[in-house]
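Undergrad: If you count the sequence shown from 1, position 136 lands on 248 in my numbering, and the numbers rise without skipping.
Yeah, the Cβ is synthetic: ideal placement off N, Cα and C, and Gly gets one too.
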Amino acid sequence: MRIDILTLFPGMFSGPLTESILKRAQEEKLLTIRFHDLRTFGLGRYHQVDDRPYGGGAGMVMRSDVVVAALEAVVREGNKRKRSKRNGKPWTIYLSPRGKKLTQIRVEQLAKKHEWLILLCGHYEGIDQRIISGGWIDEEISIGDYVLTGGEIPAMVLIDAVARQIPGVLGKDASAEEESFSKSLKRKREYPHYTRPEVFRKQRVPKVLLNGNHREIKEWREDHLS
Ligand code: SAM
């Protein structure tokens, strides 16, 4: 999968995307992430990307001409680089508190259906509505009913959740199939886990997990989905 991120703050992504599983996924070419600094598409000497809202009020709004120029450039560049047909059309997501709330089901669908995602990170009051109504955005996604300062953290949340659904990303030892909200756990929250020591500060591991009886363990785990 390839993911293009349009942001005013590309520096925010180092760390979460350059460590651990996401780092390995990129090294193994299962995931390619490219950053595009929206500021470079800004207007005039000061590379202006935002302006005052029509109708007045606090805050600034990201300009449609700047954002659309950036989106179109990213699609053009991506199409030039495109190697396979599956890479074909990008799916463009604007991270927004007004969007539909992200769920595990949507995460799975995104990983399965799309080879190429473009993520637009807003800032200030958000983006000019005509970027959405004009057809440059395929989907608005929210990571929850609260407001963050920018779309960068939501983009990282989405990338992390989607990347673990890409075959091979989690490696052999871990599987995304049997986790909270997965189909095999009936979309419920996972059962509790225990490891050594067997007794920790007077708390014992449930006996059933020690007896090696796979059927009983399975039943116990099913009973402890929530
Ligand atoms: N004025 C907007 C509102 O009241 O809905 C909030 C804008 S917020 C300060 C700036 C940017 O952060 C948004 O354009 C969006 O990209 C991002 N953002 C903030 N909260 C988010 C959330 N819960 N989910 C996804 N993106 C979010």
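To the nearest angstrom, how far is it from the Cα of Q315 to the Cα of L337?
TA: The count along the sequence shown starts at 1 and reaches residue 315 at position 203. The count along the sequence shown starts at 1 and reaches residue 337 at position 225. Rounded to whole angstroms, the separation of the alpha carbons of L337 and Q315 is 21 angstroms.
Undergrad: With C-beta atoms as the reference, is Y232 less than 8 angstroms away from I133?
TA: As a first step, residue 232 must be located in the sequence shown, where it is residue number 120. As a first step, residue 133 must be located in the sequence shown, where it is residue number 21. It is worth fixing the name first, because residue 232 is Leu in this sequence and not Tyr. The beta carbons of L232 and I133 sit no closer together than 8 angstroms.
Undergrad: Name the one or two DSSP bridge partners that Y206 has.
TA: Residue mapping note: residue 206 aligns to position 94 of the sequence shown, counting from 1. In DSSP, Y206 forms a bridge with L232, E252.
Undergrad: With distances taken from CA atoms, which of R242, E131, A267, G247 is nearest S254?
TA: As a first step, residue 254 must be located in the sequence shown, where it is residue number 142. Selected option, being the one with the closest Cα: A267.
Undergrad: Measuring only the C-alpha atoms, how far is I217 from Y158?
TA: Taking the sequence shown and counting its residues from 1, one reaches residue 217 at position 105. Taking the sequence shown and counting its residues from 1, one reaches residue 158 at position 46. Looking at the two C-alpha atoms, the distance is approximately 42 angstroms.
Undergrad: Can you list, in chain order, the residues of its chain whose CB lies under 6 angstroms from that of L222, leaving out five sequence neighbours each side?
TA: On the sequence shown, residue 222 is found 110 positions in, with the first residue counted as 1. The residues are V274.
Undergrad: Across the stretch 226-243 and the stretch 116-128, are there enough close Cβ pairs to call them in contact, namely three or more that are closer than 8 angstroms?
TA: yes
Undergrad: Report the rounded CA-to-CA distance for R242 versus K300, giving the unit in angstroms.
TA: Numbered from 1 along the sequence shown, position 130 holds the residue referred to as residue 242. Numbered from 1 along the sequence shown, position 188 holds the residue referred to as residue 300. So the alpha carbons of these two residues sit roughly 38 angstroms apart.
Undergrad: Where does the unbroken beta strand (DSSP E) through R114 begin, and where does it stop?
TA: In the sequence shown, residue 114 corresponds to position 2, counting from 1. Note, R114: beta strand (DSSP E), 114-119.
Undergrad: Measure from the alpha carbon of R188 to the alpha carbon of each residue in F312, S176, G171, K201, then state which is nearest.
TA: Your numbering for residue 188 matches position 76 in the sequence shown. Minimum Cα distance to R188 is reached at K201.
Undergrad: Out of curiosity, what's the CA-to-CA distance linking E131 and G167?
TA: Translated into the one-based positions of the sequence shown, residue 131 becomes position 19. Translated into the one-based positions of the sequence shown, residue 167 becomes position 55. Straight-line Cα distance between these residues: approximately 44 angstroms.
Undergrad: Alpha carbon to alpha carbon, how far is A185 from V179? Give it in angstroms, no decimals.
TA: By one-based count along the sequence shown, residue 179 stands at place 67. By one-based count along the sequence shown, residue 185 stands at place 73. Near 10 angstroms, if we compare the C-alpha coordinates of A185 and V179.
Undergrad: Could you give the DSSP three-state label for Q160: helix, strand or coil?
TA: Locating residue 160 in the sequence shown gives position 48, counting from the first residue. Q160 falls in the strand class under three-state DSSP.
Undergrad: Report buried or exposed for Q277, applying the criterion of at least 16 other Cβ atoms within 10 angstroms of its Cβ.
TA: As a working mapping, residue 277 is identified with position 165 in the sequence shown. Burial state of Q277 is buried, judged by a 10 Å Cβ sphere holding 16 or more other Cβ atoms.
Undergrad: Note down the Cα distance separating I205 from E252, rounded to an integer number of angstroms.
TA: The residue labelled residue 205 in the question sits at position 93 within the sequence shown. The residue labelled residue 252 in the question sits at position 140 within the sequence shown. Rounded to whole angstroms, I205 to E252 spans 6 angstroms at the Cα level.
Undergrad: Keeping to the same chain, check which residues put their C-beta closer than 6 angstroms to that of H226; ignore five residues upstream and five downstream.
TA: Within the sequence shown, numbered from 1, the residue matching residue 226 stands at position 114. Correct list, in chain order: W203.
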